[in-house]
Amino acid sequence: NAGVTQTPKFQVLKTGQSMTLQCAQDMNHNSMYWYRQDPGMGLRLIYYSASEGTTDKGEVPNGYNVSRLNKREFSLRLESAAPSQTSVYFCASTYSRQRSNQPQHFGDGTRLSIL
Amino acid sequence: QQQVKQSPQSLIVQKGGISIINCAYENTAFDYFPWYQQFPGKGPALLIAIRPDVSEKKEGRFTISFNKSAKQFSLHIMDSQPGDSATYFCAAGSSNTGKLIFGQGTTLQVKP
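Structure representation (C-alpha cells):
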C-alpha cells in the first residue's frame, strides 16, 4: 500500500518554464490537497479538491493551476515558473469530502528550485 | 493573514525533559485541532488531535492541552527522546470546510 505518491521528487527549472507535479493516492480517498512549505511559513494550501470533478482555491493559488484527473490523481501545474515558487510541494489526501476532522495523509514532497 | 500562530520556532530539550509547543488561533469557527509531526525528507503525519469539547487529550507521551476561552492549544511531549527530533505543526480546521490552516512549525531537537 503506497499511500500518496508524488513525482518527481526533485526538479530544477528556469524562470518562465512550465511543469506539472503529479500526485496519486491509492487509499480510495475523496479529497486531495496541494500545499507548499517554506521556512517559517508552515504549510500553505494552494488548491484542493473535495471530490472528483471539483477544485477550489486555497490560501496561495496565484501562479498555479490544478486538475483532478480522476479519483486517484490530482496534478499541480506551474505555467510560467517564477523564483518565488521555489519551495517544497506536498500533496495530501483524506477520505472525507467536506469534513476537516479526518487525518490528511501526505506524500514525501517535491523539492522544486526555480533559477 | 496568519490565522494560526505557533511558537517557538525552534526548541532544544535534553533527553527526558518536557517539550512544549504553543499555538493560538483567531477563528472561533475552528473545531478541530490536530498536530502533525514531520521528519526530514518526509511529509507530515498526524500525531494527535483534539476537539474543543475536551480540555486535554493524552496519547502515550504526547498530550494536547486546549483552552477554548483563550483560543490557545499546546502540545506537551513528556520524557522527550532523541527520536522525537522533528518539525511539529499545529493546525486548525472547521468541520464543514474540509480544509486545515497550519501554524508556522517548530523544529524540535532532543539532545541525548
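Taken in sequence, the protein lines are chains U and V.
The opening position of the first sequence corresponds to residue 1 in our numbering, with each subsequent residue numbered one higher.
The opening position of the second sequence corresponds to residue 1001 in our numbering, with each subsequent residue numbered one higher.
All C-beta atoms, glycine included, are put in the ideal place defined by N, C-alpha and C.
Alpha carbons only, please: which of the options is nearest the one belonging to residue i?
| i | options | result |
| --- | --- | --- |
| Glu1099 (chain V) | U:Thr20, U:Tyr48, U:Ala81, U:Asp26 | Position check: residue 1099 (chain V) holds Lys in this sequence, whereas Glu was assumed. For Lys1099 (chain V), the nearest C-alpha among the options comes from U:Tyr48. |
| Pro1044 (chain V) | V:Ala1086, V:Phe1066, V:Glu1059, V:Gly1016 | V:Ala1086 |
| Ser18 (chain U) | U:Ser113, U:Ile46, U:Ala81, U:Asn62 | U:Ala81 |
| Val12 (chain U) | U:Leu78, U:Cys91, U:Gly107 | U:Leu78 |
| Leu112 (chain U) | U:Ala2, U:Leu21, U:Thr5, U:Ala92 | U:Leu21 |
| Leu69 (chain U) | U:Gly63, U:Gly53, U:Ser84 | U:Gly53 |
| Gln1072 (chain V) | V:Gln1081, V:Gly1083, V:Ile1050 | V:Ile1050 |
| Gln1003 (chain V) | V:Thr1107, V:Lys1111, V:Gly1103 | V:Gly1103 |
Where do the ends of the beta strand (DSSP E) carrying residue i lie?
| i | result |
| --- | --- |
| Pro1034 (chain V) | 1033–1038 |
| Leu115 (chain U) | Segment: none, Leu115 (chain U) is in no beta strand (DSSP E) and carries neither H nor E. |
| Gly1098 (chain V) | First-last for Gly1098 (chain V): undefined, no H or E at that position. |
| Arg1061 (chain V) | No beta strand (DSSP E) holds Arg1061 (chain V); DSSP gives it neither H nor E. |
| Val60 (chain U) | No beta strand (DSSP E) holds Val60 (chain U); DSSP gives it neither H nor E. |
| Gln1006 (chain V) | 1004–1007 |
| Ala1024 (chain V) | 1019–1025 |
Determine, using beta carbons only, whether residue i comes closer than 8 Å to chain U.
| i | result |
| --- | --- |
| Gly1103 (chain V) | yes |
| Pro1044 (chain V) | yes |
| Lys1057 (chain V) | no |
| Lys1068 (chain V) | no |
| Lys1099 (chain V) | yes |
| Phe1062 (chain V) | no |
| Phe1089 (chain V) | yes |
| Gln1109 (chain V) | no |
Would residue i pass as an interface residue toward chain V - the criterion being a Cβ-Cβ separation below 8 Å?
| i | result |
| --- | --- |
| Leu69 (chain U) | no |
| Gln22 (chain U) | no |
| Tyr47 (chain U) | no |
| Gly53 (chain U) | no |
| Ala2 (chain U) | no |
| Leu76 (chain U) | no |
| Ser87 (chain U) | no |
| Phe106 (chain U) | yes |
| Ala82 (chain U) | no |
| Phe10 (chain U) | no |
| Ser113 (chain U) | no |
| Ser96 (chain U) | yes |
| Pro103 (chain U) | yes |
Since residue i sits in a beta bridge, which residues does DSSP pair it with?
| i | result |
| --- | --- |
| Tyr95 (chain U) | DSSP, once it has assigned bridges, lists no residue as partnering Tyr95 (chain U). |
| Phe90 (chain U) | U:Tyr35 |
| Ala82 (chain U) | Answer is none; Ala82 (chain U) lacks a bridge partner. |
| Ala50 (chain U) | Bridge partners of Ala50 (chain U): none, in fact. |
| Gln11 (chain U) | U:Leu112 |
| Leu1047 (chain V) | According to DSSP, which records beta bridges pairwise, Leu1047 (chain V) is partnered with nothing at all. |
| Arg68 (chain U) | U:Phe74 |
| Gly42 (chain U) | U:Asp38 |
Does the CB of residue i have a neighbour CB from chain A at under 8 Å?
| i | result |
| --- | --- |
| Gln1037 (chain V) | Here chain A cannot be found, since the structure's protein chains are U and V. |
For this session: Count the CB pairs spanning the region 1095–1112 of chain V and the region 46–60 of chain U that are closer than 8 Å, and state whether there are at least three.
Result: yes
Under 8 Å: do the region 1011–1018 of chain V and the region 1060–1073 of chain V share three or more Cβ pairs, one atom per stretch?
no
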